[in-house]
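K.L.:
Straight run, no breaks: the sequence shown in our numbering ends on number 959.
From the three backbone atoms N, C-alpha and C, an ideal C-beta is built for every residue, glycine too.
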Amino acid sequence: MNNSLPTTIVIFGASGDLTQRKLIPSLFSLYRKDRLPEKFKILGFAGSKYNDESFRQHLREGLDKFASFEFDETKWQAFAKNIHYQSGDYQEPGAFQTFHDFLRKWEDGPANRLFYMAIPPHLFPSVIEKLGATGQTEENAGWRRVVIEKPFGTDLASAKALNEEVHRTLQESQIYRIDHYLGKETVQNILMFRFANTIFEPLWNRNYIDHVQITVAEEVGVGHRAGYYDGVGVLRDMFQNHLMQLLTLTAMEPPASFNANALRNEKVKVLSSIEPIRGEAVAYNTVRGQYKGYCDEPEVAENSTTATFAVVRFLIDNWRWQGVPFYLRSGKNLADKCTQVIIQFKQPPHQMFPIESGTRMTPNALVLFLQPDEGMHLRFEAKVPDTVAKMRSVDMEFHYADEFGPMSIPEAYERLLLDALQGDAALFTRADEVEMAWSLIDPILTNWETDQDPPLALYEPGTWGPDEASALLAKDGRHWMHEEAGHMLET
Ligand code: NDP
Numbered sequence: 469m470n471n472s473l474p475t476t477i478v479i480f481g482a483s484g485d486l487t488q489r490k491l492i493p494s495l496f497s498l499y500r501k502d503r504l505p506e507k508f509k510i511l512g513f514a515g516s517k518y519n520d521e522s523f524r525q526h527l528r529e530g531l532d533k534f535a536s537f538e539f540d541e542t543k544w545q546a547f548a549k550n551i552h553y554q555s556g557d558y559q560e561p562g563a564f565q566t567f568h569d570f571l572r573k574w575e576d577g578p579a580n581r582l583f584y585m586a587i588p589p590h591l592f593p594s595v596i597e598k599l600g601a602t603g604q605t606e607e608n609a610g611w612r613r614v615v616i617e618k619p620f621g622t623d624l625a626s627a628k629a630l631n632e633e634v635h636r637t638l639q640e641s642q643i644y645r646i647d648h649y650l651g652k653e654t655v656q657n658i659l660m661f662r663f664a665n666t667i668f669e670p671l672w673n674r675n676y677i678d679h680v681q682i683t684v685a686e687e688v689g690v691g692h693r694a695g696y697y698d699g700v701g702v703l704r705d706m707f708q709n710h711l712m713q714l715l716t717l718t719a720m721e722p723p724a725s726f727n728a729n730a731l732r733n734e735k736v737k738v739l740s741s742i743e744p745i746r747g748e749a750v751a752y753n754t755v756r757g758q759y760k761g762y763c764d765e766p767e768v769a770e771n772s773t774t775a776t777f778a779v780v781r782f783l784i785d786n787w788r789w790q791g792v793p794f795y796l797r798s799g800k801n802l803a804d805k806c807t808q809v810i811i812q813f814k815q816p817p818h819q820m821f822p823i824e825s826g827t828r829m830t831p832n833a834l835v836l837f838l839q840p841d842e843g844m845h846l847r848f849e850a851k852v853p854d855t856v857a858k859m860r861s862v863d864m865e866f867h868y869a870d871e872f873g874p875m876s877i878p879e880a881y882e883r884l885l886l887d888a889l890q891g892d893a894a895l896f897t898r899a900d901e902v903e904m905a906w907s908l909i910d911p912i913l914t915n916w917e918t919d920q921d922p923p924l925a926l927y928e929p930g931t932w933g934p935d936e937a938s939a940l941l942a943k944d945g946r947h948w949m950h951e952e953a954g955h956m957l958e959t
């Protein structure tokens with residue numbers, strides 16, 4: 469494919485929140501770093517009636533609010549002159565033909581095209597179908613790629629249907645399904661950590677690892693997203709995508725190379741090794757919770773049973789992980805905002821040091837801290853000086869900000885946009901991967917929606933969820949861990 473051609477980035481949903489909050493700040497940041505193609509144009513297409521000038525002003529205001537880098541007026545002026553806006557209604561007959569006629573004239577010659585679907589999910593199929601019907605996705609001279617935002621389906625059936633619909637117009641190689649978690653440096657660092665170092669690999673299995681805890685906790689409630697969130701809930705919003713991504717990266721076998729297919733094949737293998745949790749097993753292996761006061765939030769249905777908190781215990785039935793539970797936990801209105809993966813190692817096989825009765829030795833743990841304070845901690849036991857054999861847990865720590873400086877971590881969308889422009893799909897989800905993840909979440913959702921077991925447990929805002937979350941681990945003789953200010957706490 470011809471990468472030396474000019475590139476057009478077409479944003480559907482250009483007047484919306486995502487474009488102003490993430491896409492334009494990320495594209496501008498890439499421009500500042502000289503990473504965009506030499507000749508590029510950005511064309512926004514949405515319903516609102518902007519002209520080029522007012523649209524650029526709207527995007528400029530977004531930079532003030534959302535960009536994490538210092539604004540440079542000269543660079544912005546140079547960047548902004550490449551931005552253009554077209555208004556129109558996607559549903560209107562002929563809108564896409566008019567749009568395509570304009571696009572061809574504006575491009576003035578062969579060009580590569582990246583179409584970004586920053587639109588409500590129900591519009592993904594029809595917009596892609598119309599792009600195809602008007603010949604805009606045909607790869608004649610330049611490449612044609614389509615980025616599809618999340619959520620990709622609301623269950624297995626709808627994800628399959630959506631895959632079928634987009635495959636009628638596009639080859640799988642043209643499709644870039646976003647899960648912005650994969651654009652995060654710290655998430656990619658799980659791969660570096662595991663596969664660019666040798667010291668942990670021999671330990672990374674059921675012989676040495678007792679269990680794994682993956683937590684994505686939010687301190688805030690549903691806020692302005694209540695209308696969207698109610699009826700969606702935590703399993704669809706967080707588990708099917710972000711938590712399953714963290715699980716697959718933690719559990720996958722080393723891919724033969726760092727290319728999209730090799731990487732995604734290994735992720736799919738992990739997902740296909742997990743036995744779906746169905747029927748009565750759902751009550752044993754899951755917890756569903758809702759924070760007190762959720763039903764009083766604006767736009768939330770009275771007596772809503774939407775879960776704002778969940779725990780799921782997955783087992784991976786393969787050689788490496790047999791018998792090692794992966795406890796996944798996520799919720800809103802919790803005690804802290806954090807994303808972390810805790811690898812809890814086994815206790816030493818023989819206890820030779822005296823410990824006080826009623827206490828236990830603290831096992832080693834490795835914490836991959838994805839946010840905030842991105843980094844990692846390794847907890848081990850050390851002798852307390854001037855005692856006979858007293859031990860205390862201590863942490864060896866690495867923090868990105870200390871090592872690489874506070875501005876070293878770019879916005880996830882920046883990396884993903886660059887990869888899509890360069891045709892690298894490694895950090896995007898493949899059709900089978902997205903369906904496989906749904907096939908694990910779907911039976912739990914079905915059970916929750918049709919059965920009262922496990923019951924919806926209410927929890928106080930600002931806590932770590934309902935008591936049932938601790939009880940689920942206690943059944944296995946374990947407890948939740950949480951790393952805070954350099955100390956591992958039980959929660
Ligand atoms: P918004 O509701 O803010 O924006 C929707 C955009 O779609 C607007 O530009 C709107 O144009 C346009 N649009 C909708 N219908 C039509 C139509 N018939 N004709 C023309 N334009 C239309 O949504 P967001 O930006 O928040 O989200 C976009 C996508 O990104 C969604 O799929 C969402 O799930 C996903 N996403 C968003 C995140 C965020 O932070 N916002 C985070 C993660 C994912 P107009 O209003 O001008 O008519």
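Within the present structure, is the beta-carbon of D557 separated from the nearest heavy atom of ligand 1 by less than 6 Å?
P.N.:
Result yes, Cβ under 6 Å from ligand 1.
K.L.:
Is it the case that the Cβ atoms of V835 and H845 are separated by a distance below 7 Å?
P.N.:
yes
K.L.:
What residue ranges within the segment 470–524 form continuous alpha helix (DSSP H) runs of no fewer than 4 residues, ordered along the chain?
P.N.:
The segment 470–524 contains these whole alpha helix (DSSP H) runs: 492–500.
K.L.:
Which value, in whole angstroms, describes the spacing of the CA atoms of L783 and V902?
P.N.:
19 Å
K.L.:
I'd like to check one pair, R756 with W916: are the Cβ atoms closer than 7 Å?
P.N.:
yes
K.L.:
Mind checking whether H679 and V780 have CB atoms under 7 Å apart?
P.N.:
Taking 7 Å as the cut-off, the beta carbon of H679 is found no closer than this to the beta carbon of V780.
K.L.:
Considering just the uninterrupted stretch of the beta strand (DSSP E) at H867, what are its terminal residues?
P.N.:
859–867
K.L.:
Measure from the alpha carbon of V688 to the alpha carbon of each residue in N801, E653, F663, then state which is nearest.
P.N.:
N801
K.L.:
Measuring alpha carbon to alpha carbon, tell me which of D557, G891, P474 ends up nearest G512.
P.N.:
D557
K.L.:
Only counting the same chain, and skipping five residues up and downstream in sequence, which positions put a Cβ closer than 8 Å to that of P840?
P.N.:
K805, C806
K.L.:
Please determine, among H526, A586, G761, the residue with the shortest C-alpha to C-alpha distance to Y644.
P.N.:
Of the candidates H526, A586, G761, A586 places its Cα closest to the Cα of Y644.
K.L.:
Report back the beta-carbon spacing between D520 and Y499 to the nearest angstrom; my notes put them in contact at under 8 Å.
P.N.:
With 8 Å as the limit, D520 and Y499 do not qualify as a contact, their Cβ atoms being about 17 Å apart.
K.L.:
To the nearest angstrom, how far is it from the Cα of L491 to the Cα of L886?
P.N.:
11 Å
K.L.:
Can you name the start and end residues of the alpha helix (DSSP H) that A685 belongs to?
P.N.:
Looking at the DSSP string, A685 is not in any alpha helix (DSSP H); the run it does join, the beta strand (DSSP E), is 677–685.
K.L.:
Cβ of E936 within 7 Å of Cβ of H947?
P.N.:
no
K.L.:
Do the CB positions of H648 and V684 come within less than 7 Å of each other?
P.N.:
no
K.L.:
Using a Cβ-Cβ cut-off of 7 Å (strictly less than) and excluding sequence neighbours within five positions of D623, which residues of its own chain qualify?
P.N.:
W906, D910, L913
K.L.:
Can you say whether Q920 is buried or exposed, counting buried as having 16 or more other CB atoms within 10 angstroms of its CB?
P.N.:
Counting the other Cβ atoms within 10 Å of the Cβ of Q920 gives fewer than 16, which makes it exposed.
K.L.:
Around the C-beta of T918, are 16 or more other C-beta atoms found within 10 angstroms, so that it is buried, or is it exposed?
P.N.:
exposed
K.L.:
Kindly examine ligand 1 and report whether one of its heavy atoms sits closer than 6 Å to the Cβ of P874.
P.N.:
no
K.L.:
When you compare the segment 578–585 with the segment 602–618, are there three or more beta-carbon pairs, one atom per stretch, that lie closer than 8 Å?
P.N.:
yes
K.L.:
With respect to the beta strand (DSSP E) encompassing Y752, which residues constitute its N-terminal and C-terminal limits?
P.N.:
First-last for Y752: 749–753, but that is the alpha helix (DSSP H), not the beta strand (DSSP E).
K.L.:
In the DSSP assignment, what residue or residues form a beta bridge with N729?
P.N.:
Bridge partners of N729: none, in fact.
K.L.:
What span of residues does the alpha helix (DSSP H) with Y927 cover, start to end?
P.N.:
Run containing Y927: none in the alpha helix (DSSP H); it sits in the beta strand (DSSP E), 924–927.
K.L.:
Would you check whether ligand 1 has a heavy atom nearer than 6 Å to the C-beta of K800?
P.N.:
no
K.L.:
When every heavy atom of ligand 1 is checked, does at least one fall within less than 6 Å of the C-beta of S516?
P.N.:
yes
K.L.:
What are the boundary residues of the alpha helix (DSSP H) that G600 is part of?
P.N.:
592–601
K.L.:
Just to confirm, are E640 and A899 a CB contact at a threshold of 7 Å?
P.N.:
Yes, they are a contact pair.
K.L.:
Taking the straight line between their C-alpha atoms, what separation do you get for S741 and T637?
P.N.:
31 Å
K.L.:
What does a CB cutoff of less than 8 Å around D540 pick up in its chain, not counting 5 residues either side in sequence?
P.N.:
Same-chain partners within the cutoff: R500.
K.L.:
With respect to 6 Å, is the separation between the Cβ of A586 and the closest non-hydrogen atom of ligand 1 below this value?
P.N.:
yes
K.L.:
To the nearest angstrom, how far is it from the Cα of R662 to the Cα of E871?
P.N.:
19 Å
K.L.:
Can you tell me which of E506, F896, G747 puts its alpha carbon nearest to the alpha carbon of A961?
P.N.:
The requested residue 961 is not part of the displayed model; the chain covers only 469 to 959.
K.L.:
Nearest by alpha-carbon distance to E721: which of C763, R788, Q656 is it?
P.N.:
E721 has its Cα closest to that of R788, out of C763, R788, Q656.
K.L.:
Once the 5 residues before and after I658 are set aside, which same chain residues still bring their CB inside 8 Å of it?
P.N.:
So the qualifying residues of the chain are L714, L717, T718, V809, L836.
K.L.:
Pull up the distance between the alpha-carbon of K507 and that of N550, whole angstroms please.
P.N.:
9 Å
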